[in-house]
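Asks:
Number of protein chains: 2
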Amino acid sequence: MAWARWGCCPWLVLLCACTWGRPKAANLTREDVRNCSTSPPYIPVTAVNTTERLTALRQQIQMLNLSAYIIPDTDAHMSEYIGDHDKRRAWITGFTGSAGTAVVTMGKAALWTDSRYWTQAERQMDCNWELHREGNIVTWLLTEVPVGGLVGFDPFLFSIDSWESYNADLQASDRQLVSIADNLVDLVWGSERPAVPSQPIYALQEAFIGSTWQDKVSDIRSQMQQRREAPTAVLLSALDETAWLFNLRSSDIPYNPFFYSYTLFTDSFIRLFVNKSRLSSETLQYLNADCTLHMCVQLEDYSQVRDSIKAYASGDVRIWIGTSYTTYGIYELIPKEKLVEDTYSPVMVTKAVKNSKEQALLRASHVRDAVAVIRYLVWLEKNVPSGAVDEFSGAELLDKFRGEEEFSSGPSFETISASGLNAALAHYSPTKELHRKLSSDEMYLVDSGGQYWDGTTDITRTVHWGTPSAFQKEAYTRVLIGNIDLSRLVFPAATSGRMVEAFARKALWDVGLNYYHGTGHGIGNFLCVHEWPVGFQSSNIAMAKGMFTSIEPGYYQDGEFGVRIEDIALVVEAETKYPGTYLAFEVVSLVPYDRNLIDVSLLSPEQLQYVNRYYQTIREKVGPELQRRQLLEEFAWLQQHTEPLSARAPRAASLVSLLAVSVLAILGWSA
Amino acid sequence: MAWARWGCCPWLVLLCACTWGRPKAANLTREDVRNCSTSPPYIPVTAVNTTERLTALRQQIQMLNLSAYIIPDTDAHMSEYIGDHDKRRAWITGFTGSAGTAVVTMGKAALWTDSRYWTQAERQMDCNWELHREGNIVTWLLTEVPVGGLVGFDPFLFSIDSWESYNADLQASDRQLVSIADNLVDLVWGSERPAVPSQPIYALQEAFIGSTWQDKVSDIRSQMQQRREAPTAVLLSALDETAWLFNLRSSDIPYNPFFYSYTLFTDSFIRLFVNKSRLSSETLQYLNADCTLHMCVQLEDYSQVRDSIKAYASGDVRIWIGTSYTTYGIYELIPKEKLVEDTYSPVMVTKAVKNSKEQALLRASHVRDAVAVIRYLVWLEKNVPSGAVDEFSGAELLDKFRGEEEFSSGPSFETISASGLNAALAHYSPTKELHRKLSSDEMYLVDSGGQYWDGTTDITRTVHWGTPSAFQKEAYTRVLIGNIDLSRLVFPAATSGRMVEAFARKALWDVGLNYYHGTGHGIGNFLCVHEWPVGFQSSNIAMAKGMFTSIEPGYYQDGEFGVRIEDIALVVEAETKYPGTYLAFEVVSLVPYDRNLIDVSLLSPEQLQYVNRYYQTIREKVGPELQRRQLLEEFAWLQQHTEPLSARAPRAASLVSLLAVSVLAILGWSA
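Going down the list, the protein sequences come from chains H and S.
Position 628 of the first sequence, counted from 1, bears residue number 628 in the numbering used here, the numbering being contiguous throughout.
Position 542 of the second sequence, counted from 1, bears residue number 1213 in the numbering used here, the numbering being contiguous throughout.
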């Protein structure tokens, strides 16, 4: 269970769980999907012939006397996105979807994936592979692996949790989970395997960092001293931990400016495991790489991490790790009594709270990001009615607009650009081949974000250019109310997100509606767009001043439309009538909501006032930027779309008619 | 950590945690408390001389070669309240407060208790005892017990959790926790020890049971079959589990109609461990105690439970337990691989959902309970101004009124009757000696409940008979809004209470106020007033139709006043605009709130409407009962106190004046 990886987008997991139960019958007479029940089997042109690959892999499996070998879709850092050379499961199965686990035995090959990928798997896999739509991998293993049989796995592709879960279940049934140091797929992948990235690893400019790497190291070292168990070292496995600590970036992982690395540091040394040739002499100098004192970074090769940790762990040491992002491959090297285990490493927890400079940087990136999104919305408003825009070309244009913003470094994730019924699908992203036209008759949902040197952004807006139905307006407005009610909440310091996320759901619950994903996630400064451990899930840490989180309720009407309204908010101190340490959110995303979809009569006076204050903020922050850039059409659009909303409360209306009636009566009486 | 016991009143734990940090300096020159720093020490007359007791206990400790012996304040069933013969810690220390743990070594004797009991402990303990206001018992043990030393404990007074916690900490420091089967305090307590209860154990009349014991046993047996681990037996340790299963009651425990017992049943037999002589021949017949078939209850002596379980566990069996209410004494008898462990036993979870008859019974008890509380409030309104009422006499009168209600079986817990600043103290209960006069100048909080054959009740009302301050009104109204907002919430089936309890806090949070206790707990049918596992804590199970819970936000202004508004609510299916399985609360407590303390201007129209609908329900349900009983003064009071509240919304007011101005203008114009 690679939860840490899923952890980055926990609401998606929930959506999976929800759709999992409702499989749509695969149409096996279709020509675009395989049909393994005919003789000979029907294999579509989109499928990959995996016979040779499997034969080669089975030779490896046999040599090790294994009964089965598990191939997950993770990398050695539990990353949310993985690089091409880590896509082992895709290569061995042919199936390229982002989620799925394969298991190969001498006689069978099986893939487990969730409902959103079933059709894709039937298109991409040949008949060597069983597709498992339901059921548990371990249950299947118990039928395929004899008692006493060995099940092999790559320990660097298993989180500690997933190892524990597999191990407990297999051990209870007298099968043995065997850690195999060399990945068997890699051994047979050969020259086809994409190369490990080699582009430069660079230091961020001073303008874009919250504090120097030396200050960060000192901070964590002092946390080591304060910790009761007195750890002697901190070991970092997640790629954003090392990137953040040293203010270094590269582009090994799609959408994420990270590079393959580990870090191990103590009070007296700092070791960075990385491909040294990727660092320029300036960067080496920046890291003090030519010395071995306590503020010098000693570079060791990435491949040395196992030996180096093993050697260090043989001494009288205690190594502090965050278990969520540490693989079993690292974990098994260190004797239990030498581990100081937290769910999240001290770097992960420290990184979650942004200092004032980091806050200012993130805010600034959101102003420019708003410009790009507003340019896109203005362009759509003009071009959708002519029928010339589709989901894919739209997403490309939005990427282009973002790319034109200062400090841009590409999108922070694959844009979800979804029209009509597609917006009700979890994870939907259009492709060049498969997409839907945007139309004034349908709602359109766009969930996108950018990487900028100063910050990472993530925003979702849902719009309708024609006449939405009453239900669409109600659903949109209730999602908006959820966003507003959570955004304007005042809550005690150290409240966990889980305790308050229902405020984002109440307006939907009131009428029997809901959404089946999480309500928000942390976000970084030119780091991960889904940055843990901040958020509203039970596994998230308590809210603290300086954290950033998304707030993103939604509503999805199967086969019809989808609504999501997502903003990024900074956790700030609240000023309360009576003194106390209370927190509140300050929304830093700066794009107006679609007035065409708001049913103002559903909003309370307080909610209306909140939106109007937010609109005033957008005007103040984004307006001048649009003017400075001579984006006058966009400026006019912004003014129009941030006009204060006014209540059309039925009560006021009835009082007005009462007034009119009274006046008429009085006139009649006095006449 | 006897959390299961504390679990029954979890909000109180939080309050302890809160006050723990703010010790008030003990005034050591006072004559009512001991002073061990003078020579000779000053011992007040209220203190107990424990020298002989300790000498006898130390002989036992020495004979077993122990370095220390731990004496907790629990019983063998993790009960919330304990019987007199289980008050070992009180007897050995002299300190009678309900919470505290004692540890005795050859040289020292130490007590740990929380801030609300510090003064009481200084009054009741002699100078043999150290009072620990802070610090951890294990930390102290490590300084007093040498490496390799043995720390003894009675395994029947330790929950599994508390054993694990002590054991891990001591083992890590090379001390050994040793399970001592015979309780050492009991050995030295001798003839002074109160007798084990011997009053009859009786079967409930058919009118007061939700289903027969045979149906309940069949239901749990079918749950055993459905369970994947295929348990062969269920073992019940909590006293209310056995009382509920067999529809039997007695009065071994204060406020709780239980009797000392365990139950072990399989598909083929049922064993009830109890003092058999306490059951009449009718009750034995009711239990089919004269046969050994699968629907016959075989009675074994309470003292046989250990041997009987051990014998059963030696076979090829799997025993299903709820770990929260099972002591380590039972747990250590069963090999790990023969345990099927849940946090709560299937009986605990099944009992939590009341069937329609149980619901009707609980509702009915709340109508009569409302009559008693209303009689008390009417009486207070007449008698407090004369200064003749104090907290203690008030509580006694309320108990008397409840006692006059049909099916009454005494209070369900010790009444919290607290005037003025006393209401800000957690756990405050007045005594004959120590109490405060009720006054029209102060707020008064009364938290009380009754045991009736048909149901258990628990209600808190806070009142003021004079002129409350603006802050008191605001605090009261915000607590009321919290109660209202949670009570009128609509939420998806299977939502956990933890996810929604913040709705009871929001109105307080808005202005920087909060309360530091839980928001509610389950309640039984003539069972425990704090019935787990229903409630709003993280350890509670998800809400389901048919559960009952209290809803009880509060606010406490140290040294000034306290507010709590507590109702019992039934979880019902909600009717929503769009179809779906949604739940809501239906409040079954039926006593109006104090209009004198409500600032109507803080209530939204929806909140006002909710209160007025609730008042209408009170009129409909309690009004006829008051009339039937000729309680005409109370009926008039009820009518007056349930008059619909009306908004004094400034906006409506201004529209009215606008209307008046317009009318005048028109008159002028038309004249």
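Cβ coordinates follow ideal geometry from the N, Cα and C atoms, glycine included.
Note that the coordinates shown come from a computational prediction; the quantities given were computed from them, not determined experimentally.
Apart from the five residues on each side of it in sequence, which residues of its chain come closer than 8 Å, Cβ to Cβ, to H:GLN304?
Replies: PHE273
Asks: Opposite S:ILE1212 in the DSSP bridges: which residues?
Replies: According to DSSP, which records beta bridges pairwise, S:ILE1212 is partnered with nothing at all.
Asks: Can you give me, in chain order, the residues of the region 934-946 of chain S that have a beta carbon less than 8 Å from any beta carbon in chain H?
Replies: Cβ contacts with chain H: none found.
Asks: Considering only the beta carbon of each residue, do H:ILE374 and H:ALA233 sit closer than 7 Å?
Replies: no
Asks: Just reading off the beta strand (DSSP E) that H:ASP290 is part of, what are its end residues?
Replies: Here H:ASP290 belongs to no beta strand (DSSP E), and DSSP marks it neither H nor E.
Asks: Using 7 Å as the threshold, is the C-beta distance between S:GLY1251 and S:GLU1223 below it?
Replies: no
Asks: For chain S, check one thing: does any of its Cβ atoms lie closer than 7 Å to the Cβ of H:ALA510?
Replies: Looking at the sequence itself, residue 510 of chain H is Asp, so the reference to Ala does not match. With 7 Å as the cut-off, H:ASP510 counts as an interface residue toward chain S.
Asks: Using a C-beta to C-beta distance shorter than 7 Å, which residues of chain H count as neighbours of S:LYS1248?
Replies: Scanning chain H for C-beta atoms nearer than 7 Å to the C-beta of S:LYS1248 yields VAL511 and GLY512, reported in chain order.
Asks: With 16 as the cutoff for other CB atoms within 10 Å, does S:PHE1142 come out buried or exposed?
Replies: Looking at its Cβ environment, which holds fewer than 16 other Cβ atoms inside 10 Å, S:PHE1142 is exposed.
Asks: Run through DSSP, which three-state label would H:GLU531 get?
Replies: strand
Asks: Please check if any C-beta of chain S sits within less than 7 Å of the C-beta of H:ALA56.
Replies: no
Asks: Would a C-beta distance cut-off of 7 Å place H:THR457 and H:GLY449 closer than the cut-off?
Replies: Cβ distance < 7 Å, so H:THR457 and H:GLY449 count as in contact.
Asks: Kindly indicate which three-state DSSP category H:PHE526 falls into: helix, strand or coil?
Replies: coil
Asks: Exposed or buried, what is S:ALA1041 when buried is set at 16 or more other beta-carbons lying within 10 Å of its beta-carbon?
Replies: buried
Asks: Count the C-beta pairs between the region 746-757 of chain S and the region 698-716 of chain S that are closer than 8 Å, then say yes if the count reaches three, no if not.
Replies: no
Asks: Which same chain residues, not among the five before or five after S:GLN847, have their C-beta less than 6 Å away from its C-beta?
Replies: LEU821
Asks: Could you tell me which residues DSSP puts in a beta bridge with H:TRP112?
Replies: Here H:TRP112 is bridged, per DSSP, to H:THR101 and H:HIS132.
Asks: Can you grab the Cα-Cα spacing for the pair H:TYR717 / S:GLU723, in whole Å?
Replies: This structure cannot settle anything about residue 717 of chain H, because the visible part of chain H is limited to 1 through 671.
Asks: What separation, rounded to the nearest whole angstrom, lies between the Cα atoms of H:ILE481 and H:ARG133?
Replies: 37 Å
Asks: What would DSSP say about S:PHE650, mapped onto helix, strand or coil?
Replies: Any answer about residue 650 of chain S is impossible in this case: the structure gives chain S only from 672 up to 1342.
Asks: Out of curiosity, what's the CA-to-CA distance linking H:ALA203 and H:PRO257?
Replies: Approximately 12 Å, taken between the alpha carbons.
Asks: Buried or exposed: which applies to S:ARG899, given that a residue is buried once 16 or more other Cβ atoms fall within 10 Å of its Cβ?
Replies: exposed
Asks: With distances taken from CA atoms, which of S:SER1221, S:VAL1258, S:TYR1264 and S:TYR1186 is nearest S:THR1148?
Replies: S:TYR1264
Asks: Using the Cβ count rule (16 or more neighbours within 10 Å means buried), how would you classify H:LEU571?
Replies: A small correction: the amino acid at residue 571 of chain H is Val; Leu does not occupy that position in the sequence shown. With 16 or more Cβ atoms within 10 Å of its Cβ, H:VAL571 is classed as buried.
Asks: My output table needs one value for S:PRO1295: the three-state DSSP class, helix, strand or coil.
Replies: helix
Asks: Please work out which residues of its chain come closer than 7 Å, Cβ to Cβ, to S:ASP1229, disregarding the five sequence neighbours upstream and downstream, and give them in chain order.
Replies: ALA1095
Asks: Taking the alpha-carbon positions, what's the S:LEU1297 to S:LEU1303 distance?
Replies: CA-CA distance, S:LEU1297 to S:LEU1303, rounds to 7 Å.
Asks: In the DSSP output, what is S:HIS706 paired with across the bridge?
Replies: According to the sequence as given, residue 706 of chain S is Asn; it is not His. According to DSSP, S:ASN706 bridges with S:TYR713.
Asks: Might you give, ordered along the chain, the residues of its own chain that have their beta carbon closer than 7 Å to the beta carbon of S:ASP1070, omitting 5 neighbours on each side?
Replies: Result list for S:ASP1070: PRO1082 and THR1086, in chain order.
Asks: With 9 Å as the C-beta to C-beta threshold (strictly closer), list the residues of the region 1191-1206 of chain S near chain H in chain order.
Replies: none
Asks: At a CB-CB cut-off below 8 Å, which residues of chain H make contact with S:ARG1169?
Replies: Going along chain H in sequence order, the residues near S:ARG1169 (Cβ under 8 Å) are ARG498 and MET499.
Asks: Would you list, in sequence order, the uninterrupted alpha helix (DSSP H) runs of no fewer than 4 residues that lie entirely inside the region 793-876 of chain S?
Replies: 808-815, 831-843 and 855-860
Asks: Looking only at C-alpha atoms, which of H:PHE95, H:LYS432, H:ASN525 and H:GLU501 sits nearest to H:TYR515?
Replies: Closest option to H:TYR515, Cα to Cα, is H:GLU501.
Asks: DSSP on H:SER417, reduced to helix/strand/coil?
Replies: strand
Asks: Over the uninterrupted alpha helix (DSSP H) stretch that includes S:ASP1040, give me the two end residues.
Replies: It spans 1027-1054 - the alpha helix (DSSP H) in which S:ASP1040 sits, taken as one unbroken run.
Asks: With distances taken from CA atoms, which of S:ARG942, S:LEU950 and S:SER952 is nearest S:GLN969?
Replies: S:ARG942
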